[in-house]
Amino acid sequence: MTLYEAIFKRYSMRQFEMTPLDRDTLERIVRFYEKMTSLFPGIETEIGITEALNGKRAPGGFFGVKAPYYLTFYSEERDRAEMNAGYLCEQLSLFLLTLGIGSCFLGSARIQGAPKSRENKKTMITMAFGKPSGRLTRRPEQAKRLPLKSLCVFKNPPTEWMMKVLEAARLSPSALNRQPWRFAVVGNRIHVFSKKDRMDRPRRLAEFDFGAMFAHIAVASEELWLDIDLIRLDNISQKNFRSNQYVLSAIVREQ
Ligand SMILES: Cc1cc2nc3c(=O)[nH]c(=O)nc-3n(C[C@H](O)[C@H](O)[C@H](O)COP(=O)(O)O)c2cc1C
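Converting from the sequence shown to our numbering requires adding 49 to each position, the first position being numbered 1.
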């Protein structure tokens with residue numbers, strides 16, 4: 050399974066076998082993390098893996114998940130650090146699936162034994178992971194997601210590859226499955242907006258969600274031999290939209 054294929058098969062796993070992973074697998078996870086490039090260079094990050102095979106470190110509460118391992122993602126607190134964290138963590142989650150390992154983000158869980166911060170970096174998110182106790186994958190049509198027609202407006206008829214990139218973006222996970230993204234597609238540009246939500250602002254994990262979604266765009270672009278640049282366009286950021294807030298634009302080009 051490739052990272053791209055994993056986009057269509059992943060789901061948030063909450064039932065794990067409480068069995069150990071071999072050392073080589075754990076090392077591969079760390080090596081994959083070390084090789085990834087950040088969405089915004091210059092933001093220092095770090096990961097820590099906590100073994101919890103006896104189940105005693107499991108976070109409680111409705112949103113807690115009992116798993117044999119937890120990955121804590123630490124980052125410097127800088128502008129866009131949460132988006133960067135989402136971008137890197139979602140790629141880690143896809144990579145885990147390619148190794149036959151399921152995972153689930155835990156937005157507010159604290160794991161006993163995992164430090165809250167490391168030097169200048171604080172915990173951004175925790176990810177439960179391990180071997181599945183049931184199925185490893187899910188079919189894409191089983192993912193509860195809004196259809197592309199509710200997420201996108203198109204200025205011109207989109208190319209086939211643009212539709213594939215958008216489909217990958219659509220399948221991204223988000224906290225409470227809010228799917229805050231909206232897309233205005235103009236030629237090879239995807240202008241990305243965040244749906245305004247009056248009841249719930251500022252949303253702590255929204256930036257993380259967008260990072261995860263950009264990870265799906267990046268993985269799909271790589272698979273389809275497309276180049277991608279993320280930029281912030283001043284002419285859009287200065288405009289005021291009633292129900293959406295401008296985030297960034299992805300410029301996608303054939304290589
Ligand atoms: C930032 C973030 C935080 C999340 N926090 C939790 C959590 O605390 N507990 C949980 O069970 N799932 C959590 N999730 C998983 C989402 O609920 C899940 O991705 C979403 O409902 C879509 O389901 P799916 O991933 O199975 O497609 C989180 C996801 C994200 C992206």
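Ideal placement from N, C-alpha and C gives every residue a C-beta, glycine not left out. Every value quoted in this text rests on a predicted model; they were computed, and no experiment measured them.
How about residue i and residue j: do their beta carbons lie closer than 8 Å?
i	j	result
R63	C153	yes
G156	L220	no
F257	E131	yes
V234	S298	no
E100	Y118	yes
E272	T68	no
I266	I277	yes
F112	G151	no
L275	W230	no
L141	F81	yes
R129	F65	no
G236	N205	yes
A55	L143	yes
Within the continuous beta strand (DSSP E) that includes residue i, where are the two ends?
i	result
E256	First-last for E256: 255 to 272, but that is the alpha helix (DSSP H), not the beta strand (DSSP E).
Q294	293 to 303
E95	94 to 100
E83	Careful: E83 lies outside any beta strand (DSSP E), inside the alpha helix (DSSP H) at 72 to 84.
A318	Lying before the first or after the last residue shown, residue 318 is absent from the chain, which here runs from 50 to 304.
S124	118 to 125
L275	275 to 280
Start and end of the alpha helix (DSSP H) containing residue i?
i	result
E26	Only positions 50 to 304 of the chain appear in this structure, which leaves residue 26 out of reach.
R238	R238 -> not in any alpha helix (DSSP H); beta strand (DSSP E) instead, spanning 238 to 244.
E209	209 to 219
N284	283 to 286
L225	Here L225 belongs to no alpha helix (DSSP H), and DSSP marks it neither H nor E.
L88	Per DSSP, L88 belongs to no alpha helix (DSSP H) and is neither H nor E.
K58	52 to 58
Between residue i and residue j, how many whole angstroms is the CB-CB distance? I'm expecting something under 8 Å.
i	j	result
L279	Q228	Between Q228 and L279 the Cβ distance is about 19 Å, and since that is not below 8 Å, they are no contact.
L137	M85	6 Å
G97	Y123	7 Å
T121	T74	Their Cβ separation, rounded to whole angstroms, is 18 Å, which puts T121 and T74 out of contact at 8 Å.
A261	G135	4 Å
R238	I300	5 Å
K245	N293	6 Å
E216	L197	7 Å
Chain C beta carbons: is any one of them nearer than 8 Å to that of residue i?
i	result
S124	In summary, chain C is missing from the structure at hand, where a single protein chain is found.
Could I get the ranges of all uninterrupted alpha helix (DSSP H) runs contained in the segment 147 to 216, with 4 residues as the minimum, in chain order?
197 to 200
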